[in-house]
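Trainee: Heads up: the sequence lines are chains F and R, in that order.
Numbering of the first sequence is given in the working numbering, commencing with residue 1 and proceeding in unit increments.
Numbering of the second sequence is given in the working numbering, commencing with residue 1001 and proceeding in unit increments.
Protein chains: 2
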Amino acid sequence: MTKVELCEVEVVDREAVERVQASQAPEEELDHLAATFQMLASPTRLRMVEALAGGELCVCDLAAVVGVSASAVSHHLRQLRQMRIVRFRKAGRMAYYRLDDEHISELFGTGLEHVRE
Amino acid sequence: MTKVELCEVEVVDREAVERVQASQAPEEELDHLAATFQMLASPTRLRMVEALAGGELCVCDLAAVVGVSASAVSHHLRQLRQMRIVRFRKAGRMAYYRLDDEHISELFGTGLEHVRE
DNA sequence: TGAACATATGAAGGAGTATTCATATGTCAA
DNA sequence: TTGACATATGAATACTCCTTCATATGTTCA
């Protein structure tokens, strides 16, 4: 029996451990949530989110705001789309992006409050 | 003049770009915010945060809840401490951790709402 | 004091990520 | 229809991160 197994078995407060374990969200939900926060874990993408909080923008203008290439922005936008952080509408050859819902700006705002305090 | 420079200069909606750029948070704040979200971008740390949302726990019990070694948990806790996601009190050789403030569970809750909808 | 223990930390390997470059797709305008 | 353009995407490289293993620190108890 290794030390690791001991540590998992000989908990200090077994009741608390079991209670907390029982209330944990399902694994796929936590994976999804982690992937969502991962999208907000990049200064470039945060700039994009902050920019879109002010209204929709096309890819080119978004690239200008955050100061990276349109290619890089497009790669980021695909990820943000996949995690439903942003959605977009096509208008001819342009694509206008906006935040998906109010949860996103709420996350941004709460996070900013936290780092500012 | 390269294509990238063109794309940065020839924006579609110059006024929008300048307005949005002017309202962007300072760089060090966005870096800090990105690092904060990074802390929430791991299923293991999210489990830890969710566990601590139910009250304080010692390192060993936290390791038991999330199912990783005490060493791994300790490494994570150090990062979470540095970003002020958690704080702790020492009691003899034990260390009891809790969430730093209500922003953290708010972020967790808002994020969970988003992925569940 | 010395052994056992809870926690902390340094180093390292393997996995994942961001950006760039090159190119593809689809749209507009001449 | 052809050329220019906005956006999208695949591949590759450089970079960062998570976990494990080994070890250190500090505390309790015999």
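Don't be surprised by glycine CBs; every beta carbon is placed ideally from N, CA and C.
What does F:E29 reach in chain R if we use C-beta pairs closer than 9 Å?
Mentor: L1112, V1115 and R1116, listed in chain order.
Trainee: Roughly how many whole angstroms lie between the Cα atoms of F:E29 and R:L1107?
Mentor: Looking at the two C-alpha atoms, the distance is approximately 15 Å.
Trainee: Grouping DSSP H, G and I as helix and E and B as strand, with all else coil, what is F:L164?
Mentor: No statement about residue 164 of chain F is possible, as the shown extent of chain F runs from 1 to 117 and does not include it.
Trainee: What does a CB cutoff of less than 8 Å around R:A1035 pick up in its chain, not counting 5 residues either side in sequence?
Mentor: Excluding positions up to five away in sequence, the list reads M1083.
Trainee: On a CA-only basis, which of R:G1054, R:K1090, R:A1095 and R:A1091 is nearest R:V1073? Give me that one, please.
Mentor: Checked all of R:G1054, R:K1090, R:A1095 and R:A1091; the closest Cα to R:V1073 is R:A1095.
Trainee: Once the 5 residues before and after R:E1102 are set aside, which same chain residues still bring their CB inside 8 Å of it?
Mentor: The answer is none, since no qualifying residue turns up.
Trainee: Which of the three DSSP states, helix, strand or coil, is assigned to F:V49?
Mentor: The answer is helix: DSSP assigns F:V49 an H, G or I state.
Trainee: I want to see whether chain F comes within less than 8 Å of R:A1091, judged by CB atoms only; does it?
Mentor: No, R:A1091 does not count as interfacial toward chain F.
Trainee: Let's test the definition: count the other Cβ atoms within 10 Å of the Cβ of F:E50 and tell me whether it reaches 16, buried, or not, exposed.
Mentor: With 16 or more other Cβ atoms within 10 Å, it is buried.
Trainee: Can you give me the C-alpha to C-alpha distance between R:M1001 and R:D1031, rounded to a whole angstrom?
Mentor: Because R:M1001 carries a pLDDT of 27, less than 50, the predicted location of this residue cannot be relied on, and no value is offered for it.
Trainee: List the whole-angstrom C-beta distance separating F:G111 from R:F1037, where the pair is believed to meet the contact cut-off of C-beta under 8 Å.
Mentor: That pair is a contact at about 6 Å.
Trainee: On the DSSP letters alone, give me the boundaries of the beta strand (DSSP E) that F:A91 sits inside.
Mentor: Note, F:A91: beta strand (DSSP E), V86 to A91.
Trainee: For R:L1112, does the three-state DSSP call read helix, strand or coil?
Mentor: Three-state DSSP puts R:L1112 in a helix.
Trainee: Can you list the alpha helix (DSSP H) stretches of 4 or more residues lying completely in the segment 9 to 88 of chain F, in chain order?
Mentor: Taking only runs of at least 4 residues, the alpha helix (DSSP H) segments lying wholly in the segment 9 to 88 of chain F are 14 to 22, 27 to 39, 43 to 53, 59 to 66 and 70 to 82.
Trainee: Can you pull the chain F residues whose beta carbon is under 7 Å from the beta carbon of R:E1106, in chain order?
Mentor: Result: T110.
Trainee: Using a 10 Å radius around the Cβ and a threshold of 16 neighbouring Cβ atoms, would you call F:A91 buried or exposed?
Mentor: Result: exposed.
Trainee: To the nearest angstrom, how far is the alpha carbon of F:R47 from that of R:A1041?
Mentor: Roughly 18 Å between the two C-alpha positions.
Trainee: Comparing the C-beta of R:P1026 with each C-beta of chain F, is any distance below 8 Å?
Mentor: No, R:P1026 lies away from the interface with chain F (no Cβ there is under 8 Å from its Cβ).
Trainee: Using beta-carbon positions only, say whether F:D61 and R:V1011 come within less than 8 Å of one another.
Mentor: It is a contact, given that the beta carbons lie within the stated cut-off.
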